[in-house]
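Below is one structure, written out as structure tokens; comments come after it.
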Amino acid sequence: MKIQAQSMRNKTIKFLIGGVIFTSLAFNFSYAQAQYSAGTLVTLTNSARAQNGLGGLATNSALASAAYNKAKDMFENNYFAHNSPSGKTPWDFIKEAGYSYSYAGENLAIGYTDPDELFSAWMGSPTHRENIINPNFREIGIAVVSGTFQGSETLIAVQEFGAPGDSSEQVAAEVSASPTPSVSPSAPTEKSFNFLKEKSSVSPQSIFAGEQVTFVVTISGEVKTLQAQVFEEKINLLETGTLSGDNEKTYTLEQKIENVGSSPVVVMATDKYGFSDKMELGQLAVKQTVISKETAPRVGLWVDFSRSLKNYWFLYTIPGVLLILVLAYFTLRKTKTDGLAACWRI
């Protein structure tokens, strides 16, 4: 009997220990997969809007339903993008949820377990940030869903923005966690411009501080912004464009550079859809200007004297002629005096 009782106690202890371990693992796994809620992201969104002088967004159950359905669809079909493999768009999910809009937008994120880290990533991306502080939006719906994506447990967060209205007159924008530019449903899926590097340059590539360099950038297509960055200075090139060929524009600008050192010259551009690209033109070396303290004043005096002699030659010529006449007069007089003295001695 004692042996059976001891065996029962051992089994009970093992069962309790196993239960504790299982509960602990389950709790930790659940906590790791859902450390934040949709409400947390709504609060962070409205805080960012307030800092930019905008009103907060009201939560909308239809938009939240659209966000949840979009997240589930991405898990079920193993994709992470605005458009599903079958061609279903964010606007389809929003309409299916019964939300009629005049403006709509979508932000996506995957793999984030910290809401502050996720929101910082969104705000660090110009296109995500544009949705968050878009003054056209009035309502928001967010879903944070855990699931298996490409064989691993992870979280997907979906942010749906909207402004009630007639969807037939929509102006929509969308961005993703691997920042994709802001586009409308009918907009192109890639940038509408290209750098022509063979027709672009910066020259000279070695100068002294205070000298000018010339930027030449040729682009096919249309751009909304165009800047060249040297050291910490960003130089606007957009206003200097001239047509140079079929659908080509060449932007040329001379700029004085004061910094000293070496810096890459990088050209950055965006189009009206928010797509961006950059190109490196080369390395610019800027040397410190050095003037010799010994030779500089002498060179300056000689230059000043030369200019003075050229412009006021007559002021130097007249005194010179008078001096020659005076010397000639006294020379002749002395010659005559010496001659008379010689006569008297004879």
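In my numbering, the protein residues as written are -4 to 341.
For glycine and all other residues, C-beta sits at the position ideal for the given N, C-alpha and C.
Quick caveat: nothing in here was measured; it's all calculated off a predicted structure.
Q) To the nearest angstrom, how far is it from the Cα of Ser141 to the Cα of Phe88? A) 19 Å
Q: Look at Gly256 and Tyr246 and say whether their C-beta atoms are less than 7 Å apart.
A: no
Q | Where the alpha helix (DSSP H) containing Glu91 begins and where it ends | A | 85 to 91
Q | 6 Å Cβ shell around Asn242 - same chain, five flanking residues per side excluded | A | Ser215
Q. Going by DSSP, what residues sit across from Thr247 in a beta bridge?
A. Val211
Q) What distance in whole Å lies between the Cβ atoms of Met274 and Gln222, which are believed to be in contact at a cut-off of 8 Å? A) Actually they do not touch by this definition, with Cβ atoms about 12 Å apart.
Q: Evaluate the contact criterion for the segment 73 to 82 versus the segment 116 to 136: three or more CB pairs, one atom per stretch, below 8 Å.
A: no
Q. Considering only C-alpha positions, which residue in the set Asn64, Val261, Phe70 is nearest to Thr143?
A. Phe70
Q: Return helix, strand or coil for Leu191, following the three-state DSSP convention.
A: coil
Q. Which class does Asn102 belong to by DSSP, given the choice of helix, strand or coil?
A. strand
Q.
Along the chain, where does the beta strand (DSSP E) containing Val225 start, and where does it finish?
A. 220 to 225
**Q.** Other residues of its chain near Gly160: CB distance less than 8 Å, five sequence neighbours each side excluded
**A.** Ser95, Tyr96, Ser97, Tyr98
Q.
Using a Cβ-Cβ cutoff of less than 8 Å, which residues in the same chain neighbour Ile135 once the five nearest sequence positions on both sides are dropped?
A. Val37, Thr40, Leu52, Ala53, Thr54, Asn55, Leu58, Gln154, Glu155, Phe156, Gly157
Q: Return the bridge partner residues of Glu134 from the DSSP annotation.
A: Ala53, Gly157
**Q.** As assigned by DSSP and simplified to three states, the class of Ser32
**A.** coil
Q: State the DSSP-derived secondary structure class of Asn126, mapped to helix, strand or coil.
A: helix
(Q) Please tell me whether Asp266 and Val218 are closer than 7 Å, where the distance is taken between their beta carbons. (A) yes
**Q.** Pair within 7 Å by beta-carbon distance, Ala33 and Val139
**A.** yes
Q: Go to Leu233, then tell me how far its alpha helix (DSSP H) extends in each direction, as first and last residue.
A: Unbroken run through Leu233: none, as it is neither H nor E.
Q: Using beta-carbon positions only, say whether Glu234 and Thr209 come within less than 7 Å of one another.
A: no
Q: Check whether the Cβ atoms of Gly277 and Gln200 sit closer than 7 Å, and answer yes or no.
A: yes
Q) Where does Ser42 sit, in a helix, a strand or coil, going by DSSP? A) helix
Q) Quick one: is Asn254 buried, meaning 16 or more other Cβ sit within 10 Å of its Cβ, or exposed? A) exposed
Q. What does Ser257 pair with, by DSSP beta-bridge criteria?
A. Ala280
Q) Out of curiosity, what's the CA-to-CA distance linking Tyr324 and Leu317? A) 11 Å
Q. Are there 16 or more other CB atoms within 10 angstroms of the CB of Ala92, so buried, or fewer, so exposed?
A. buried
Q) Helix, strand or coil: which one does DSSP assign to Gly70? A) With the sequence shown as reference, residue 70 is identified as Phe, and Gly is not the correct amino acid for it. The answer is helix: DSSP assigns Phe70 an H, G or I state.
Q. Who are Asp111's beta bridge partners in DSSP?
A. None, per the DSSP bridge assignment.
Q) Cα-Cα, which of Ala204, Val212, Lys192 is closest to Thr284? A) Ala204
**Q.** Residue burial classification, Ser195 (beta-carbon count within 10 angstroms, cutoff 16)
**A.** buried
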